[in-house]
Amino acid sequence: MTKVGVLVGSLREGSYARKWAEEFTKLLPEDFEVTFLEIGNLPLYSEEYDENEPAEYASFRAEAKAQDAIVISTPEYNRSTSAVLKNALDVGSRPYGSSVWDGKPTIIIGHSISNISGANAIQSLRPTLAFLNMPVLPQPEVQLANSQKYFDDAGNLNNEGTKDFLQGAADAYVAHVKRYVD
Ligand code: FNR
């Protein structure tokens, strides 16, 4: 069993970032066990917490550490990723020397409700993930534009071409993960 942790960079009920993550992870094989790592309850990171670990940090770090691979689904906020997602990455990266992210193969899904598609959010994450030694799937880039047009009233993905695109990305991610995980 390969354990996959999912980080969603939006706390909003009805978030498209969460819907895209759900659609993407449905396409992973059965031996990929998917856990959504909840990040909305993590206090804003401060170095003082390195000596006085909040309970929310302890459980998040333990759950994240137990994963073999990571899926990040981010909205674009002001031409960047969201603060809540960056906070979760920072929390998991500390105390220095005990990052829970080290070596975990990752895919970034970026979306927005405009034509921009989350491209800037994806680019904003790349230096951070490189520094955290999280190898990111290079291709395909999962840039999803106009998210609101892709889900019906019941919240289901309504576009076969996009499903095929996501399946291709899921297959590439599986191959990417297998390069790093036994
Ligand atoms: C946005 N949005 C947005 N969209 C975009 O294409 N480029 C951007 O830079 C921004 N910036 C931005 C900042 C902030 C603070 C908010 C709240 C929103 C719009 C964004 O794409 C839209 O709200 C998405 O629906 C957010 O993702 P979730 O919550 O649906 O996952």
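Residues in the sequence shown are numbered from 1 upward in steps of one, following the UniProt record's numbering.
Backbone N, C-alpha and C define an ideal beta-carbon position, used for all residues, glycine too.
Model, not experiment: these values are computed from the prediction.
State buried or exposed for Lys149, treating a residue as buried only when at least 16 other CB atoms are found within 10 Å of its CB. Here residue 149 refers to the residue found at position 149 of the sequence shown. Here Lys149 is exposed, its C-beta having fewer than 16 other C-beta atoms within 10 Å.
Return the Cβ separation of Thr74 and Leu125 in integer angstroms, given the expectation that the two are a contact with Cβ distance under 8 Å. Position 74 of the sequence shown, counted from the first residue, corresponds to residue 74. Position 125 of the sequence shown, counted from the first residue, corresponds to residue 125. 7 Å between Cβ atoms; contact.
What number of angstroms, rounded off, separates the C-alpha of residue 232 from the C-alpha of Ile72? Limits of the chain in this structure are 1 at one end and 182 at the other, which puts residue 232 out of reach.
For the ligand FNR, is there a heavy atom less than 7 Å away from the beta-carbon of Asn78? Position 78 of the sequence shown, counting from 1, holds the residue named residue 78. Flag set: Cβ of Asn78 near the ligand FNR.
Taking a contact to mean a Cβ-Cβ separation below 8 Å, would you say Gly110 touches Val84 in this structure? Working through the sequence shown from its first residue, we reach residue 110 at position 110. Working through the sequence shown from its first residue, we reach residue 84 at position 84. Taking 8 Å as the Cβ cut-off, Gly110 and Val84 do not qualify as a contacting pair.
Quick one: residues in its chain with C-beta nearer than 6 Å to the C-beta of Ala169, no 5 flanking neighbours on either side, listed in chain order? Translated into positions along the sequence shown, residue 169 becomes position 169. So the list reads Pro140, Val142, once near-sequence residues are dropped.
Under a Cβ-count criterion, where at least 16 other Cβ atoms within 10 Å of its own Cβ denotes burial, should Leu37 be classed as buried or exposed? Here the question's residue 37 lines up with position 37 in the sequence shown. Buried.
By DSSP, does Tyr77 sit in helix, in strand, or in coil? Position 77 of the sequence shown, counted from the first residue, corresponds to residue 77. In the structure shown, Tyr77 sits in a strand (DSSP, three-state: E or B).
Should the region 11 to 25 be regarded as contacting the region 55 to 73, the criterion being three or more beta carbon pairs within less than 8 Å? Inter-segment contact for the region 11 to 25 and the region 55 to 73 is present: three or more beta-carbon pairs are separated by less than 8 Å.
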